[in-house]
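Down below is the structure, laid out as structure tokens.
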Amino acid sequence: YNCSHDEFLQTFTRGKYQGVVANYLSFNTAQSTGHFLDRAKLFEECTGGIINFAEATDIADDAITDIGSASSTGAELYDAYLMIYSFSSEASSLGLLETLNDRIRSSNSLLQYEDIFPKVRTMGEYRKDGKTNIDLLMADGDFFVPVVRIDLLERDNKPLPHTWEDVVELAKFYNGTDLNDDGISDDFGLCIYPSTGSGFNDAWIPELMYSTWATTDQTKGIQQGFFFDEETFEPRIGNGFEKAMNIWKDLWANSADGCITSNFVEGRCAIGLAPPGCWKGVFVNSDQGGVAWRNKDGSVMRDENGEALWRPRMKDGSYAEPYRLKPFGSLEIVDRVTDEFVECKPGTCPKGERIPSASRLASDDRAKVLADSPHVGKLINRVPFYWSGGYGTGIRKSADPLAKDL
Numbered sequence: 001y002n003c004s005h006d007e008f009l010q011t012f013t014r015g016k017y018q019g020v021v022a023n024y025l026s027f028n029t030a031q032s033t034g035h036f037l038d039r040a041k042l043f044e045e046c047t048g049g050i051i052n053f054a055e056a057t058d059i060a061d062d063a064i065t066d067i068g069s070a071s072s073t074g075a076e077l078y079d080a081y082l083m084i085y086s087f088s089s090e091a092s093s094l095g096l097l098e099t100l101n102d103r104i105r106s107s108n109s110l111l112q113y114e115d116i117f118p119k120v121r122t123m124g125e126y127r128k129d130g131k132t133n134i135d136l137l138m139a140d141g142d143f144f145v146p147v148v149r150i151d152l153l154e155r156d157n158k159p160l161p162h163t164w165e166d167v168v169e170l171a172k173f174y175n176g177t178d179l180n181d182d183g184i185s186d187d188f189g190l191c192i193y194p195s196t197g198s199g200f201n202d203a204w205i206p207e208l209m210y211s212t213w214a215t216t217d218q219t220k221g222i223q224q225g226f227f228f229d230e231e232t233f234e235p236r237i238g239n240g241f242e243k244a245m246n247i248w249k250d251l252w253a254n255s256a257d258g259c260i261t262s263n264f265v266e267g268r269c270a271i272g273l274a275p276p277g278c279w280k281g282v283f284v285n286s287d288q289g290g291v292a293w294r295n296k297d298g299s300v301m302r303d304e305n306g307e308a309l310w311r312p313r314m315k316d317g318s319y320a321e322p323y324r325l326k327p328f329g330s331l332e333i334v335d336r337v338t339d340e341f342v343e344c345k346p347g348t349c350p351k352g353e354r355i356p357s358a359s360r361l362a363s364d365d366r367a368k369v370l371a372d373s374p375h376v377g378k379l380i381n382r383v384p385f386y387w388s389g390g391y392g393t394g395i396r397k398s399a400d401p402l403a404k405d406l
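In this note's numbering, the protein residues as written are 1 to 406.
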């Protein structure tokens, strides 16, 4: 048994779950939670416990069919499920889901439950008999998270992108150039999620545009909508919407698929924009993952000494792990009365933040070596865009105790 991969696995006794099998009903696993498969393999190497993954065809109904309802007894083939919170309330009311409060409490030093986005946490809670039961461990991974090849910015004396206009400029600069030193100038300025042809996730293409629209039209947080007029409920199709559409007209022409292809992990993308799950393979188990030249089977190409033949490098020779950014934003926002753009100031952007110079970044921030943004000192309106959501993991209460532990 090998439990040396990370701090979490080192907390387990080797072989603790030898012979134990748990069946997990997942959904669209390769795209939505592909890292679950990788983690399950490492967990099995450490504990001997096996998690079998099955694919639901309908995430809303299949879990309920198995766990049961007031009108039908479930088949109970699975021990745990990836579920949508809005379809779990009946199972919670009937006590069919394991309440997770004690499990979360005992593992919270590693889990850090309070770090889950508060609104998303509440989706997995069910109030019963005067107590709040946590019946689903919710995933708050459906924010668009930007990443950038920081080695390219250092090489070309470019600052971090902050605004959507910055992103367009960089995407145009790098698109059609050689970004992974393979001698072919055919790489991409931006790699995005989702994309046409990505199956269940095709429907989320508009959300990329919405994430841009929100930065000019939403300034007061989640209590303020931006799709419709608050009084007339007419669609707010105005200057903010037009600007977002024009941004994506430019970006689309300089982009490629980032999650359903190996483009990003092969070093062919300057910027990436996708939910965190898309980037798990880039940051988790970086010895086998990360950005590198790859063989046809997806493995890292290595020399006779086992070293990667190519990885992106900073000028000091260190591996240039892609740099995670705050969401892109806007320096101007739409006046709700005139529909005209106005500068982001404390009065117009109450949640705005000042763009810092590189010298003001933390000592361990890798972006300290980059050029300063031309926007240093200006207020920017960033809107972390929760583009989907509502997925969480639930455990069937009547499952075998060891399977539930697993």
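Heads up, the beta-carbon is just placed ideally off N, CA and C, and yes, glycines get one too.
Problem - Unbroken alpha helix (DSSP H) run spanning E45, endpoints - result: Its alpha helix (DSSP H) spans residues 34 to 47.
Practice task
Along the beta strand (DSSP E) that carries R155, what are the first and last residues, could you check?
Solution key: Boundaries around R155 are those of the alpha helix (DSSP H), 150 to 155, since no beta strand (DSSP E) includes it.
Practice task
Could you give the DSSP three-state label for V334: helix, strand or coil?
Solution key: DSSP places V334 within a strand segment (E or B) once states are collapsed to three.
Exercise for the section: Given a cut-off of 7 Å, decide if Y323 and V120 are closer than it, judged by their beta-carbon atoms. Expected result: No, the Cβ-Cβ distance between V120 and Y323 is not below 7 Å.
Practice task
Identify, in the order they occur along the chain, each residue of the same chain with its Cβ nearer than 6 Å to the Cβ of S286, setting aside the five sequence neighbours on each side.
Solution key: Unreliable placement is indicated for S286, whose pLDDT of 48 sits below 50; the coordinate value is still reported in the next sentence. Excluding sequence neighbours, S286 sits near nothing in its chain.
Exercise for the section: Using three-state DSSP, classify T212 as helix, strand or coil. Expected result: T212: helix per DSSP, three-state reduction.
Practice task
Quick one: which unbroken beta strand (DSSP E) runs of 3-plus residues sit fully inside the region 236 to 264? Chain order, please.
Solution key: Complete beta strand (DSSP E) runs here, min 3: 255 to 257.
Practice task
Counting only the same chain and skipping the five closest in sequence on each side, list residues whose C-beta sits under 8 Å from that of T11.
Solution key: In chain order, L110 place their CB closer than 8 Å to the CB of T11, counting only its own chain and leaving out the 5 sequence neighbours on each side.
Practice task
Let me know the secondary structure DSSP gives T138 once reduced to three states.
Solution key: Correcting the residue identity first, residue 138 is Met in this sequence and not Thr. Per DSSP, reduced to three states, the secondary structure at M138 is strand.
Exercise for the section: State the start and end residues of the unbroken beta strand (DSSP E) segment that holds T65. Expected result: Not the beta strand (DSSP E): T65 falls in the alpha helix (DSSP H), residues 62 to 67.
Exercise for the section: Measure the alpha-carbon distance for T73 versus T99 and round it to whole angstroms. Expected result: The alpha-carbon atoms of T73 and T99 are separated by roughly 20 Å.
Problem - Same chain only: Cβ atoms within 6 Å of D339, ignoring 5 sequence neighbours per side - result: Same-chain partners within the cutoff: G238, N239.
Handout entry: S106 to Y113 span [Cα, whole Å]
Key = About 11 Å.
Problem - Inter-residue Cα distance where the pair is G15 and E44 - result: If you take the alpha carbons of G15 and E44, they lie about 8 Å apart.
Problem - Touching by the beta-carbon criterion (3+ pairs, under 8 Å), the region 58 to 69 and the region 36 to 50 - result: No: the two stretches stay apart, fewer than three of their Cβ pairs being nearer than 8 Å.
Exercise for the section: Determine the DSSP secondary structure at K296, reduced to helix, strand or coil. Expected result: In the structure shown, K296 sits in coil (DSSP, three-state: anything other than H, G, I, E or B).
Problem - Under the three-state DSSP convention, the category E90 falls into - result: Helix at E90.
Problem - Nearest neighbour of D140, chosen from S299, T393, T132 [CA to CA] - result: Relative to the Cα of D140, the nearest Cα in the group S299, T393, T132 belongs to T393.
Handout entry: Buried versus exposed call for K416 [16 or more other C-beta atoms within 10 Å across all chains shown]
Key = Only positions 1 to 406 of the chain appear in this structure, which leaves residue 416 out of reach.
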